[in-house]
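A.B. asks:
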Amino acid sequence: MYKLRSILMAAVLLAVLGTAGGAAAFTLTVFHNNDGESSLLPNAGGFGGAAAFVAKLDQLRAATATDGQIMVSSGDNFLAGPNFSASLDNGVPYYDTMVMERIGYDAVCLGNHDFDFNPDVLASFMAGYSDRPKYVNCNLDFSGEPGLQAYVTSGDLVRSLVVTTGGEQVGIIGATTERLPYISSPRGVVVGEVAPAVQAEIDALTLAGVNKIILISHLQSILEDLLLASVLNGVDVMVGGGGSEVLANAGDLLVPGDVVYGPYPLLATGGDGASIPVVTTQGNYLYVGRLEVTFDAAGNVTATSGGPVRVANASYADGVTPDAALEAAVEAPVASYSSALDAQVIGFSEVPLDGVRNAVRTRETNEGNLCADAMLWQARQLMGDFGVSRVDVAIQNGGGIRNNAVIPAGDITLLDTFDILPFANFLCVVEDVSRENLKEILENCVSRVAFGDGRFGQVAGMRFLYDPSGTAQVIDAAGNITTPGARIREIVLMDAPQTVLCEFGAVVPGPAVNMAIVDFSARGGDQYPFRGAPLKIMGVTYQQALANYITQGLGGVITAAAYPQAGEGRILSAGTVGLEDPRQDEPTPDGDVTPARTTVLEQNRPNPFNPTTAIAFSLDRDGPVRLDIFDLQGRLVRSLVDGTRAAGEHRVVWDGRDGAGIAAASGTYVYRLETTARVFSRSMTLVK
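For this note's numbering, count along the sequence shown from 1 and bump the result up by 2.
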């Protein structure tokens, strides 16, 4: 301890002397992106695409006059779907690997989707480089996976590294969400706690004399990064990934339709009281993040600037001509592969299919119903081949539905089925699921509905009613239910006559059920509490099941009668039972039709703020409402609304004080809107 203290004191003395001697400040440009997710082709509007991304990055690098620069990725570097299927079909090197090598990263963080195909595919992905960037992660143990451990041994997969740029040393640490075992397939990779692992690397870099430290992490949302920042000492910059937040400032050009979450950068307060710039970008190669950070001689951040730089084609004033080599080597073959899938029309839909991410993760949708029905139908078609006597119900986790769009009425192609269900998940049947266990599974489905979590289940063969205000189930890292849920109020099998499995929150004794589900969920993904129950793999992926159901089960036609856009009442939230779905248009007394209102919680404005901010929300109907503010420890700070409000738009101003009238401290807060039907939450930052 004495030796460490002496080294640190010496470092401080050198920094002071350097400052006194007039040592120049050092400005570093951090280029970054995250969640590329195999989005190698530009979208229909002419934004994104790997070739244009590289061209924009090259342009920015050439125009940058700061003392040093680095380029980092915060994870989810590839994703299951048609584009990555083209890579798998082509073999090593994968197209995504080719793009990443051309980008020229100094450091790459691992995201949850990088493990979706299991560690062997990730190892093959890394094998494709001729000049491999350093992969960094400090909280994962790869010793149980020989393919990845080989990269640890070779020094290509490290806990942290030091990059020298502009004559200065910059330390880079990587970290991946602790939820990795529940949302992906890391197999033998052991996941450790993020905060202590990161702090240990910060301390080691500091001891080695590195005074500029950047954390690149994949923690699922920017809020998770802000929470982590509050317990770290000595980190200078944080680059997050895994969310979909857009950070931008006035004047920044955005991809049309993107909504600003907060300023670029957000400022977090570290455990040592330091102000930490936190940045992220929208994924899919739509933006190059550019953060300029100025350090003094002691390594303290003295100024920041920058913002997201959108990637547009040459038809826009800020656009670029895509890199020709990547267009030929990557985009052309991937586009050809996708075009071949898109040319295979397998059916026709009479109704738009709602697969928007926030919809399939929070409520019933017709696309969710279609996917769950496909699993139930396919399992029943194959059950005799696998010794299964019957299949009663099916659950499709919302996180496995990935197209994040409303598919217009019209032709349905094979490409659509890959877009909807892209992962290498196999259909399976779990037999003899007790009614008590079924209730636990559904409690898990709705335990994090307010967060839009991927565990939310779309169902077939049953309907259920839940109360979002009830106690949410909590499951620990070992899969133990530490807090039993009390949200599921009713479960009914859609047989004839309909069998009640649960009513008024109590399980009705009776026979067990057999369930169709993807193997990811059956093995405990998304914390589904099957507790190691045996499963029977049916030999088809869930994408194949969907394609087969459309062509064979439905005869090629998805009818509006069978799949109404607003759903058909399979999933009901307490307070909406017996009511017409508020998303449908409603007739007025004079017979005209007016667009239905929807319940929405807006991002507060301004954000960050000091000392006041406005929170706007709209309600689809009259009813009781609560609008509360919580700190990051979940403690109630202030209740702004608690009573009945009329349908329509509302606006509330928070003056930055708690319920006792005391000014709240600087930091991040969560505000939550609760109605009888839905719960919404967002975060905001108070800066003083």
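Note that the Cβ used here is the ideal one computed from N, Cα and C, for glycine as well.
Please report how far the alpha carbon of Thr304 lies from the alpha carbon of Tyr266, in whole angstroms.
C.D. replies: Taking the sequence shown and counting its residues from 1, the one referred to as residue 304 is at position 302. Taking the sequence shown and counting its residues from 1, the one referred to as residue 266 is at position 264. Answer to the nearest angstrom: the Cα atoms are 16 Å apart.
A.B. asks: Note the first and the last residue of the continuous alpha helix (DSSP H) segment covering Glu147.
C.D. replies: As a position in the sequence shown, residue 147 is number 145, starting the count at 1. Neither: Glu147 is in no alpha helix (DSSP H) and is coded neither H nor E.
A.B. asks: State the CB to CB distance for the pair Gly600 and Asn609, rounded to an integer number of angstroms; the pair is presumed to be in contact (CB under 8 Å).
C.D. replies: Indexing the sequence shown from 1 puts residue 600 at position 598. Indexing the sequence shown from 1 puts residue 609 at position 607. At residue 600 the sequence reads Thr, which differs from the Gly that was named. Not confirmed; about 22 Å, so no contact.
A.B. asks: Spell out a yes or no on whether the segment 35-55 and the segment 240-254 are touching, meaning 3 or more CB-CB pairs, one atom from each, closer than 8 Å.
C.D. replies: These segments touch.
A.B. asks: On the CB-based measure, 16 or more other CB atoms within 10 Å of its CB, does Gln500 come out buried or exposed?
C.D. replies: In the sequence shown, the residue the question calls residue 500 occupies position 498. The residue is exposed, with fewer than 16 neighbouring Cβ atoms inside 10 Å.
A.B. asks: Assuming Ser683 contacts Ala452 under a Cβ cut-off of 8 Å, what Cβ separation, rounded to an integer in Å, is found between them?
C.D. replies: To locate residue 683, count along the sequence shown from 1; it is residue 681. To locate residue 452, count along the sequence shown from 1; it is residue 450. Their Cβ separation, rounded to whole angstroms, is 5 Å, which keeps Ser683 and Ala452 in contact under 8 Å.
A.B. asks: With DSSP run on the structure shown, which of helix, strand or coil describes Gln546?
C.D. replies: On the sequence shown, position 544 is the one that residue 546 refers to. Helix at Gln546.
A.B. asks: In terms of residue numbering, what span does the beta strand (DSSP E) encompassing Thr485 cover?
C.D. replies: By 1-based counting over the sequence shown, the position of residue 485 is 483. That run of the beta strand (DSSP E) goes 483-485.
A.B. asks: Below 7 Å CB to CB, which residues in the same chain sit around Pro486 once its five sequence neighbours on both sides are set aside?
C.D. replies: To locate residue 486, count along the sequence shown from 1; it is residue 484. Taken in chain order, the residues that qualify are Gln475.
A.B. asks: Which residues bound the beta strand (DSSP E) around Phe350?
C.D. replies: As a first step, residue 350 must be located in the sequence shown, where it is residue number 348. 347-351 is the span of the beta strand (DSSP E), which, as asked, contains Phe350.
A.B. asks: Just tell me which of Pro410, Ile573, Ala53 has its CA closest to the CA of Gln398.
C.D. replies: In the sequence shown, the residue the question calls residue 398 occupies position 396. Out of Pro410, Ile573, Ala53, Ile573 has the C-alpha closest to the C-alpha of Gln398.
A.B. asks: Whole angstroms are fine: how far does the CA of Val542 sit from the CA of Val1?
C.D. replies: This structure does not reach residue 1, given that the chain is present from 3 up to 690, and the question cannot be answered.
A.B. asks: What would DSSP say about Glu226, mapped onto helix, strand or coil?
C.D. replies: Residue numbering aside, residue 226 sits at position 224 when the sequence shown is read from its first letter. In this structure, Glu226 counts as helix in the three-state DSSP scheme.
A.B. asks: Do you know offhand how far Val393's Cα is from Arg382's?
C.D. replies: Translated into positions along the sequence shown, residue 393 becomes position 391. Translated into positions along the sequence shown, residue 382 becomes position 380. Cα to Cα, the separation comes out at about 6 Å.
A.B. asks: Under 7 Å Cβ to Cβ from Gly47, same chain only, skipping five residues before and after it: list those, please.
C.D. replies: For the purposes of this step, residue 47 is identified with residue 45 of the sequence shown, where counting begins at 1. Here the set comprises Pro258.
A.B. asks: Would a C-beta distance cut-off of 8 Å place Pro513 and Arg489 closer than the cut-off?
C.D. replies: Within the sequence shown, numbered from 1, the residue matching residue 513 stands at position 511. Within the sequence shown, numbered from 1, the residue matching residue 489 stands at position 487. Result no, Cβ atoms of Pro513 and Arg489 do not sit closer than 8 Å.
A.B. asks: Identify whether Leu249 lies in helix, strand or coil by the three-state DSSP scheme.
C.D. replies: For the purposes of this step, residue 249 is taken as residue 247 along the sequence shown, with counting starting at 1. Note: Leu249 maps to strand in three-state DSSP.
A.B. asks: Taking the straight line between their C-alpha atoms, what separation do you get for Gln554 and Asn406?
C.D. replies: For the purposes of this step, residue 554 is taken as residue 552 along the sequence shown, with counting starting at 1. For the purposes of this step, residue 406 is taken as residue 404 along the sequence shown, with counting starting at 1. Going from the Cα of Gln554 to the Cα of Asn406 covers about 25 Å.
A.B. asks: Just curious, the beta strand (DSSP E) that Asn691 is in, first and last residue?
C.D. replies: Residue numbering for the chain in the displayed model covers 3 to 690; residue 691 lies beyond these limits and cannot be assessed.
A.B. asks: Closest to Ile560 by CA distance: which of Asn251, Gly264, Ala376 is it?
C.D. replies: The count along the sequence shown starts at 1 and reaches residue 560 at position 558. Among Asn251, Gly264, Ala376, the Cα nearest to that of Ile560 is on Ala376.
A.B. asks: Can you name the start and end residues of the beta strand (DSSP E) that Glu492 belongs to?
C.D. replies: Within the sequence shown, residue 492 is the residue found at index 490, counting from 1. Per DSSP, Glu492 belongs to the beta strand (DSSP E) from 490-495.
A.B. asks: Could you work out which residue in Ala330, Ala199, Gln546, Ala26 is closest to Thr68 when comparing CA atoms only?
C.D. replies: Reading the sequence shown from its first residue, position 66 is the one you call residue 68. If we check each option's Cα against that of Thr68, Ala26 comes out closest.
A.B. asks: Who are the near neighbours of Ser162 in its chain, counting only those whose CB is closer than 8 Å to its CB and skipping five residues on each side?
C.D. replies: Residue numbering aside, residue 162 sits at position 160 when the sequence shown is read from its first letter. These residues qualify, in order along the chain: Val138, Cys140, Gly173, Ile174, Ile175, Gly176, Glu203, Ala206, Leu207.
A.B. asks: For Glu492, which residues in the same chain have their Cβ closer than 7 Å to its Cβ, ignoring the five residues on either side in sequence?
C.D. replies: What you label residue 492 is simply residue 490 of the sequence shown in a count that begins at 1. Excluding residues within five positions, the ones whose Cβ falls inside 7 Å are Phe466, Leu467, Cys504, Glu505.
A.B. asks: Can you check whether the CB of Val332 is closer than 8 Å to the CB of Met100?
C.D. replies: Along the sequence shown, one-based indexing puts residue 100 at 98. Along the sequence shown, one-based indexing puts residue 332 at 330. Contact: yes.
A.B. asks: Quick check: the Cα distance between Val643 and Phe522, rounded to an integer number of angstroms?
C.D. replies: Within the sequence shown, the letter at position 641 stands for residue 643. Within the sequence shown, the letter at position 520 stands for residue 522. Their Cα atoms are separated by approximately 41 Å.
A.B. asks: May I have the straight-line CA-CA distance separating Gly272 from Arg674, to the nearest angstrom?
C.D. replies: Numbered from 1 along the sequence shown, position 270 holds the residue referred to as residue 272. Numbered from 1 along the sequence shown, position 672 holds the residue referred to as residue 674. Their Cα atoms are separated by approximately 25 Å.
A.B. asks: Can you check whether the CB of Val322 is closer than 8 Å to the CB of Phe49?
C.D. replies: If you number the sequence shown from 1, residue 49 lands on position 47. If you number the sequence shown from 1, residue 322 lands on position 320. Not in contact: Phe49 and Val322 (Cβ atoms no closer than 8 Å).
A.B. asks: Which stretch, first to last residue, makes up the beta strand (DSSP E) that contains Thr167?
C.D. replies: If you number the sequence shown from 1, residue 167 lands on position 165. Counting along the chain, the beta strand (DSSP E) containing Thr167 begins and ends at 162-167.
A.B. asks: Taking the C-alpha atoms as reference points, what is the distance between Glu294 and Val110?
C.D. replies: On the sequence shown, position 292 is the one that residue 294 refers to. On the sequence shown, position 108 is the one that residue 110 refers to. If you take the alpha carbons of Glu294 and Val110, they lie about 19 Å apart.
A.B. asks: When the distance is taken between beta carbons, is Val395 closer than 8 Å to Gly507?
C.D. replies: Counting from one through the sequence shown, the residue named residue 507 turns up at place 505. Counting from one through the sequence shown, the residue named residue 395 turns up at place 393. No, the Cβ-Cβ distance between Gly507 and Val395 is not below 8 Å.
A.B. asks: On the criterion of 16 or more Cβ atoms from any shown chain inside 10 Å, does Arg607 qualify as buried, or is it exposed?
C.D. replies: Translated into the one-based positions of the sequence shown, residue 607 becomes position 605. So Arg607 counts as exposed.
A.B. asks: Let me confirm a value: Asp587 is counted as buried when at least 16 other C-beta atoms fall within 10 Å, else exposed. Which label applies?
C.D. replies: Residue mapping note: residue 587 aligns to position 585 of the sequence shown, counting from 1. Its pLDDT being 34, under 50, Asp587 is placed unreliably by the model, and the measurement read from it follows with that caveat. Its Cβ having fewer than 16 others within 10 Å, Asp587 is exposed.
A.B. asks: Going by the beta-carbon positions, is the gap between Gly402 and Tyr544 smaller than 8 Å?
C.D. replies: If you number the sequence shown from 1, residue 402 lands on position 400. If you number the sequence shown from 1, residue 544 lands on position 542. Yes. Within cutoff.
A.B. asks: Look at the alpha carbon of Ala662 and the alpha carbon of Arg640, and state the distance between them as a whole number of angstroms.
C.D. replies: Within the sequence shown, the letter at position 660 stands for residue 662. Within the sequence shown, the letter at position 638 stands for residue 640. Each residue's alpha carbon lies about 9 Å from the other.
A.B. asks: By Cβ distance below 6 Å, which residues in the same chain neighbour Met686 in space, the five residues on each side in sequence not counted?
C.D. replies: Here residue 686 refers to the residue found at position 684 when the sequence shown is read from its first residue. Closer than 6 Å at the Cβ level, and outside the excluded window around Met686, lie Asn606, Asn609, Tyr671.
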